[in-house]
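**Student:** What follows is a single structure, and I will ask about it in a moment.
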Amino acid sequence: MPENGSREDRAAIHDEDLELFYDRAPCGYLSTTPEGLVINVNRTFLEWTGYPREELVGERHLIDLLSPGGRLYYDTHFLPMLLMQDYVREIAFEVVRADGSRLPVLVNASLDRNAAGAPTVVRIALLDSTERRAYERELLAAKQVAEESERRSRALAETLQQALIPPLPPVIPELDVAGVYRPAGAGDEVGGDFYDVFQVNDDEWVVALGDVCGKGVEAAVVTSLVRHTVRASTVPFPNAADALRQLNRVMLERDPSRFCTVALVRLRRQPTGWHADLALGGHPPPLLHQPGAGTHFFGEPGSLIGVMEDPQLHTTRLDAVPGTTLVLYTDGVTEGRRGLDFYGETRLHDVVDSLAGGTATAIADGLLDDLLEFQQDRARDDIAIVVIRVP
Amino acid sequence: MDPIARNNVRVSGPPDARSIMFAHGFGCDQQMWRYVAPAFEDEFQVVCFDHVGAGHSDLSAYDPAKYSSLDGYADDVVEIARALNLHDAVLVGHSVSSMIGMLACLRAPELFGKLVMLGPSPRYVDDPPYVGGFSKSDIRELLEAMDSNYLGWSSAMAPVIMGNPERPQLGRELTESFCRTDPAIARQFAEVTFLSDNRDDLARLSTPTLVLQCSQDVIAPKAVGEYVAAAVPDSTLVMLEAVGHCPNLSAPEATSAAIAAFV
Numbered sequence: 010m011p012e013n014g015s016r017e018d019r020a021a022i023h024d025e026d027l028e029l030f031y032d033r034a035p036c037g038y039l040s041t042t043p044e045g046l047v048i049n050v051n052r053t054f055l056e057w058t059g060y061p062r063e064e065l066v067g068e069r070h071l072i073d074l075l076s077p078g079g080r081l082y083y084d085t086h087f088l089p090m091l092l093m094q095d096y097v098r099e100i101a102f103e104v105v106r107a108d109g110s111r112l113p114v115l116v117n118a119s120l121d122r123n124a125a126g127a128p129t130v131v132r133i134a135l136l137d138s139t140e141r142r143a144y145e146r147e148l149l150a151a152k153q154v155a156e157e158s159e160r161r162s163r164a165l166a167e168t169l170q171q172a173l174i175p176p177l178p179p180v181i182p183e184l185d186v187a188g189v190y191r192p193a194g195a196g197d198e199v200g201g202d203f204y205d206v207f208q209v210n211d212d213e214w215v216v217a218l219g220d221v222c223g224k225g226v227e228a229a230v231v232t233s234l235v236r237h238t239v240r241a242s243t244v245p246f247p248n249a250a251d252a253l254r255q256l257n258r259v260m261l262e263r264d265p266s267r268f269c270t271v272a273l274v275r276l277r278r279q280p281t282g283w284h285a286d287l288a289l290g291g292h293p294p295p296l297l298h299q300p301g302a303g304t305h306f307f308g309e310p311g312s313l314i315g316v317m318e319d320p321q322l323h324t325t326r327l328d329a330v331p332g333t334t335l336v337l338y339t340d341g342v343t344e345g346r347r348g349l350d351f352y353g354e355t356r357l358h359d360v361v362d363s364l365a366g367g368t369a370t371a372i373a374d375g376l377l378d379d380l381l382e383f384q385q386d387r388a389r390d391d392i393a394i395v396v397i398r399v400p
Numbered sequence: 349m350d351p352i353a354r355n356n357v358r359v360s361g362p363p364d365a366r367s368i369m370f371a372h373g374f375g376c377d378q379q380m381w382r383y384v385a386p387a388f389e390d391e392f393q394v395v396c397f398d399h400v401g402a403g404h405s406d407l408s409a410y411d412p413a414k415y416s417s418l419d420g421y422a423d424d425v426v427e428i429a430r431a432l433n434l435h436d437a438v439l440v441g442h443s444v445s446s447m448i449g450m451l452a453c454l455r456a457p458e459l460f461g462k463l464v465m466l467g468p469s470p471r472y473v474d475d476p477p478y479v480g481g482f483s484k485s486d487i488r489e490l491l492e493a494m495d496s497n498y499l500g501w502s503s504a505m506a507p508v509i510m511g512n513p514e515r516p517q518l519g520r521e522l523t524e525s526f527c528r529t530d531p532a533i534a535r536q537f538a539e540v541t542f543l544s545d546n547r548d549d550l551a552r553l554s555t556p557t558l559v560l561q562c563s564q565d566v567i568a569p570k571a572v573g574e575y576v577a578a579a580v581p582d583s584t585l586v587m588l589e590a591v592g593h594c595p596n597l598s599a600p601e602a603t604s605a606a607i608a609a610f611v
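Chains as they are written, first to last, in the numbering used here: chain A, 10 to 400; chain B, 349 to 611.
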């Protein structure tokens, strides 16, 4: 095996003159006037680009050697930065070789000034970055694909989200109804909250509000299933608790790993006035305000939907005299947080109590405003509220 | 929105003097005027600002729809001038801001008594027989050059871009952020700048205009400066002995002297 670096070789390296250091440097090296006119160039650069020395020195400006796109970048970014901060680092350019082909380079440059502060000479080092640039192009393409896919998934999330609540404000003749819905976050994720208001026969309407566990597209698919199953089961099962039992069966069959909470209200118009049946499947009890009886939580708690074969579910009856107001909400309301504090049931109760007497819309909006103010506009969970009021 | 905060407007010089407003071009920010603007501070109220998206402007004000044409930028110039109660002011626009300035003068001629176009081009892309100097594919290449240069910058620069809107003392922090902005904004500004065509607007301009042309400018070649001066009715063409597109940095004394002689 040949021994590398004999004493004589090392001496030769020490003796190597600076011109060789400059000319044989493993990077292109250029000096230019502050205007960019080439005043010196090393052999590496000439070999890379194929220009004879005399065609560059005193003849060409650095900008003339760049691709047209690079020229624009040079004048709008590179030169201003160089003149402002006296150096520029890691700028990607393409140098046009003598034969017209392109050499991708990474450029560092520094600006010398004289004692008076006037620019004197620009020193420019260029590294061949052909392979790195190819790799960067791949990265860039992958980044663009990822951004496009992000845009699509956001659009998908928005579309799905719109399918979880009625497209128009809910209406029940002779009743005052309002719903508000606010998905958490920046709108790029689909939440699990939903509500629905629909008519089942001439004199009966159903209001359903619930929360499917989880987030994202899978949760949205389940939410959509829940919403439609509630619609389908309330027709053959007039008893609210029975309708939820049917929903429970469908949920268990479809995907036992998913569950939800639902508050189901069946409203019946009778000659004597309005009557309401309420069933709660694992859902927090709504607030009921009745003239002369104040505001309190109402309904009998029941099992989560989609967990047990034989859930405990109950229907609670209510005669809704004029002025009766029922406020349904998801846990995004009570679990709204500010630091370590929860919004909580007490504040919810007090706010609804103070708003009772207003229209359904005023109550729903007032409650949402108070909640958002409490959370300083940073709602971390979805919020759904439906208010039903007998005028 | 308050245009003064939105555009990081900086006012200096005697408040009751005639105003001169400097608009920077594509690429950097109001620091482009730091060697020119001080020359006017004795006799003028000097107004500098950053276009939305550039420098220390309020990035949250960036609306891709509004800034999809130069009109959005011109609206901002008019709003700033109104907010400062400018009348008969001198408006100096560099590069693309020559056209933005022209649009502002067309929109609100009462605000500006004189317009200076530094290195103007009403259209960068060739349209035979008109020669702008670039082809469409050249512009695409610029966008690619920007993409590949932002690849290494975007995440590292994010804290500076998103950070403290207060302009720090001129120093490392400032120079590091100079010419660097949100890649998506810079890209759209590049497209709007280099693909716009304002040739038909030139003839409608009644504001007395100085066209300052660099003797060797790749971005806005001499023929383009001459085209602008010929098309604008009340215009004067002055040639600056300067190489490059940024005489405000490379030849600030000559630039200031030419502006001072005109106003």
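C-beta atoms are modelled at their ideal positions from N, C-alpha and C, and glycine is treated no differently.
Values in this document were obtained by computation on a predicted structure and should not be read as measured data.
1. Please go through the same chain and pick out, in chain order, the residues whose beta-carbon is closer than 6 Å to the beta-carbon of I372 (chain A), but skip the five residues on each side of it.
2. Check the C-beta distance from G401 (chain B) over to Y383 (chain B) and give it rounded, since I have them as a contact under 8 Å.
3. Compare the beta carbon distance of R267 (chain A) and G219 (chain A) with 8 Å and say whether it is the shorter of the two.
4. Is it buried or exposed for M10 (chain A), if we count other Cβ within 10 angstroms and need 16 for buried?
5. Who are the near neighbours of R515 (chain B) in its chain, counting only those whose CB is closer than 6 Å to its CB and skipping five residues on each side?
6. Rounding to the nearest angstrom, what Cα-Cα distance links D212 (chain A) and V244 (chain A) in this structure?
7. Is there at least one Cβ from chain A nearer than 8 Å to N497 (chain B)'s Cβ?
8. Buried or exposed for Y144 (chain A), going by 16 or more other Cβ atoms inside 10 Å?
9. Are the C-beta of M380 (chain B) and some C-beta of chain A separated by less than 8 Å?
10. How big is the Cα-Cα spacing for A193 (chain A) and S110 (chain A)?
11. Would you identify the three-state DSSP class for P178 (chain A), choosing helix, strand or coil?
12. List the whole-angstrom C-beta distance separating W57 (chain A) from L115 (chain A), where the pair is believed to meet the contact cut-off of C-beta under 8 Å.
13. Please list, in chain order, the chain A residues whose beta carbon lies closer than 8 Å to that of L692 (chain B).
14. Please compile the residues from chain B whose C-beta is within a distance smaller than 8 Å of the C-beta of P43 (chain A).
15. Check whether the Cβ atoms of Y478 (chain B) and R471 (chain B) sit closer than 8 Å, and answer yes or no.
16. Nearest-angstrom Cα distance between I48 (chain A) and D419 (chain B)?
17. Does any residue of chain A bring its CB to less than 8 Å from the CB of H442 (chain B)?
18. From B:V586, B:S408, B:K484 and B:P476, pick the residue whose C-alpha is nearest to that of T541 (chain B); which is it?
19. Specify the secondary structure class of V559 (chain B) as computed by DSSP and reduced to three states.
20. Quick one: measure Cβ to Cβ for L377 (chain A) and R191 (chain A), integer angstroms, because I've assumed they're closer than 8 Å.
21. Cβ of I394 (chain A) less than 8 Å from any chain B Cβ?
22. Is it right to say D108 (chain A) is buried, meaning 16 or more other beta carbons lie within 10 angstroms of its own, or is it exposed?
23. Whose Cβ in chain B lies nearer than 8 Å to the Cβ of Y82 (chain A)?
24. Can you have a look at G348 (chain A) and say buried or exposed, based on whether 16 or more other CB atoms are within 10 angstroms of its CB?
25. Among the residues of its own chain, which have a CB less than 6 Å from the CB of A590 (chain B), if the five just before and after it don't count?
26. Please determine, among B:A371, B:F370 and B:V394, the residue with the shortest C-alpha to C-alpha distance to S360 (chain B).
27. Counting C-beta neighbours from all protein chains within 10 Å, is the total for T603 (chain B) 16 or more, i.e. buried, or is it exposed?
28. In terms of residues, what are the limits of the beta strand (DSSP E) holding H442 (chain B)?
29. Using a Cβ-Cβ cut-off of less than 9 Å, list which residues of the segment 393 to 407 of chain B approach chain A; keep chain order.
30. Cβ of F370 (chain B) less than 8 Å from any chain A Cβ?
31. Taking Cβ-Cβ distances shorter than 7 Å, what residues in chain A pair up with D475 (chain B)?
32. Is L149 (chain A) close to chain B? Criterion is C-beta to C-beta, closer than 8 Å.
33. Taking the beta carbon of D391 (chain A) as the centre, do at least 16 other beta carbons fall within 10 Å, making it buried, or is it exposed?
34. Would you say the beta carbon of S598 (chain B) is closer than 7 Å to some non-hydrogen atom of the ligand FAD?
35. Does the beta carbon of I72 (chain A) come closer than 8 Å to any beta carbon on chain B?
36. Please classify V154 (chain A) as buried or exposed, where buried requires at least 16 other C-beta atoms within 10 Å of its C-beta.
**Tutor:** Taking the structure as given:
1. Numbered from its first residue, the first sequence carries residue 372 (chain A) at position 363. If we look at I372 (chain A) and ignore the five residues flanking it on each side, its Cβ neighbours are L364 and V396.
2. For this step, residue 401 (chain B) is matched to residue 53 along the second sequence. For this step, residue 383 (chain B) is matched to residue 35 along the second sequence. Their Cβ separation, rounded to whole angstroms, is 23 Å, which puts G401 (chain B) and Y383 (chain B) out of contact at 8 Å.
3. Numbered from its first residue, the first sequence carries residue 267 (chain A) at position 258. Numbered from its first residue, the first sequence carries residue 219 (chain A) at position 210. No, these two residues do not count as a Cβ contact at 8 Å.
4. Within the first sequence, numbered from 1, the residue matching residue 10 (chain A) stands at position 1. Unreliable positioning characterises M10 (chain A) in this predicted model, as indicated by a pLDDT of 49, which lies under 50. A coordinate reading is not provided.
5. In the second sequence, the residue the question calls residue 515 (chain B) occupies position 167. With a pLDDT of 32 at R515 (chain B), under the threshold of 50, the modelled position of that residue is not reliable, and no figure is offered here.
6. As a position in the first sequence, residue 212 (chain A) is number 203, starting the count at 1. As a position in the first sequence, residue 244 (chain A) is number 235, starting the count at 1. C-alpha separation (whole angstroms): 13 Å.
7. Along the second sequence, read from residue 1 onward, the residue named residue 497 (chain B) stands at position 149. By this cut-off, N497 (chain B) is an interface position.
8. One-based indexing of the first sequence puts residue 144 (chain A) at position 135. Classification of Y144 (chain A): exposed, given that the 10 Å Cβ count is below 16.
9. Here residue 380 (chain B) is taken as the residue at index 32 of the second sequence, counted from 1. With 8 Å as the cut-off, M380 (chain B) counts as an interface residue toward chain A.
10. Taking the first residue of the first sequence as position 1, residue 193 (chain A) is located at position 184. Taking the first residue of the first sequence as position 1, residue 110 (chain A) is located at position 101. Their backbone Cα atoms lie some 53 Å apart in a straight line.
11. Locating residue 178 (chain A) in the first sequence gives position 169, where the first residue counts as 1. Residue state, collapsed to three classes: coil.
12. Looking up residue 57 (chain A) in the first sequence gives position 48. Looking up residue 115 (chain A) in the first sequence gives position 106. Not confirmed; about 13 Å, so no contact.
13. The requested residue 692 (chain B) is not part of the displayed model; chain B covers only 349 to 611.
14. On the first sequence, position 34 is the one that residue 43 (chain A) refers to. Simply S598.
15. As a first step, residue 478 (chain B) must be located in the second sequence, where it is residue number 130. As a first step, residue 471 (chain B) must be located in the second sequence, where it is residue number 123. The answer is yes: Cβ separation under 8 Å.
16. On the first sequence, residue 48 (chain A) is found 39 positions in, with the first residue counted as 1. On the second sequence, residue 419 (chain B) is found 71 positions in, with the first residue counted as 1. Answer to the nearest angstrom: the Cα atoms are 43 Å apart.
17. For this step, residue 442 (chain B) is matched to residue 94 along the second sequence. Chain A, which has no Cβ nearer than 8 Å to the Cβ of H442 (chain B), makes this no.
18. Working through the second sequence from its first residue, we reach residue 541 (chain B) at position 193. Among B:V586, B:S408, B:K484 and B:P476, the Cα nearest to that of T541 (chain B) belongs to B:K484.
19. Within the second sequence, residue 559 (chain B) is the residue found at index 211, counting from 1. Three-state result, V559 (chain B): strand.
20. Position 368 of the first sequence holds residue 377 (chain A). Position 182 of the first sequence holds residue 191 (chain A). Yes, they are in contact, since the Cβ atoms of L377 (chain A) and R191 (chain A) sit about 7 Å apart, within 8 Å.
21. The residue you call residue 394 (chain A) lines up with position 385 of the first sequence. Not an interface residue.
22. Position 99 of the first sequence, counted from the first residue, corresponds to residue 108 (chain A). Exposed is the call here.
23. Indexing the first sequence from 1 puts residue 82 (chain A) at position 73. Within chain B, the residues near Y82 (chain A) are L490, A493, M494 and N497.
24. On the first sequence, position 339 is the one that residue 348 (chain A) refers to. G348 (chain A) should be labelled exposed.
25. The residue given as residue 590 (chain B) occupies position 242 in the second sequence. The residues are C562, S598 and A599.
26. On the second sequence, residue 360 (chain B) is found 12 positions in, with the first residue counted as 1. Comparing Cα-Cα distances from S360 (chain B) to each of B:A371, B:F370 and B:V394, the minimum goes to B:V394.
27. Within the second sequence, residue 603 (chain B) is the residue found at index 255, counting from 1. T603 (chain B) comes out buried.
28. As a first step, residue 442 (chain B) must be located in the second sequence, where it is residue number 94. Unbroken beta strand (DSSP E) run through H442 (chain B): A437 to H442.
29. none
30. One-based indexing of the second sequence puts residue 370 (chain B) at position 22. No, F370 (chain B) does not count as interfacial toward chain A.
31. Here the question's residue 475 (chain B) lines up with position 127 in the second sequence. What D475 (chain B) touches in chain A: nothing, since even the nearest Cβ is about 16 Å away.
32. For the purposes of this step, residue 149 (chain A) is taken as the residue at position 140 of the first sequence. With 8 Å as the cut-off, L149 (chain A) counts as an interface residue toward chain B.
33. The residue given as residue 391 (chain A) occupies position 382 in the first sequence. Counting Cβ neighbours within 10 Å, D391 (chain A) comes out buried, since at least 16 surround it.
34. As for the ligand FAD, it is missing from this structure, which has no ligand bound.
35. Translated into positions along the first sequence, residue 72 (chain A) becomes position 63. Interface residue, yes.
36. Locating residue 154 (chain A) in the first sequence gives position 145, counting from the first residue. Exposed, because fewer than 16 other Cβ atoms sit within 10 Å of the Cβ of V154 (chain A).
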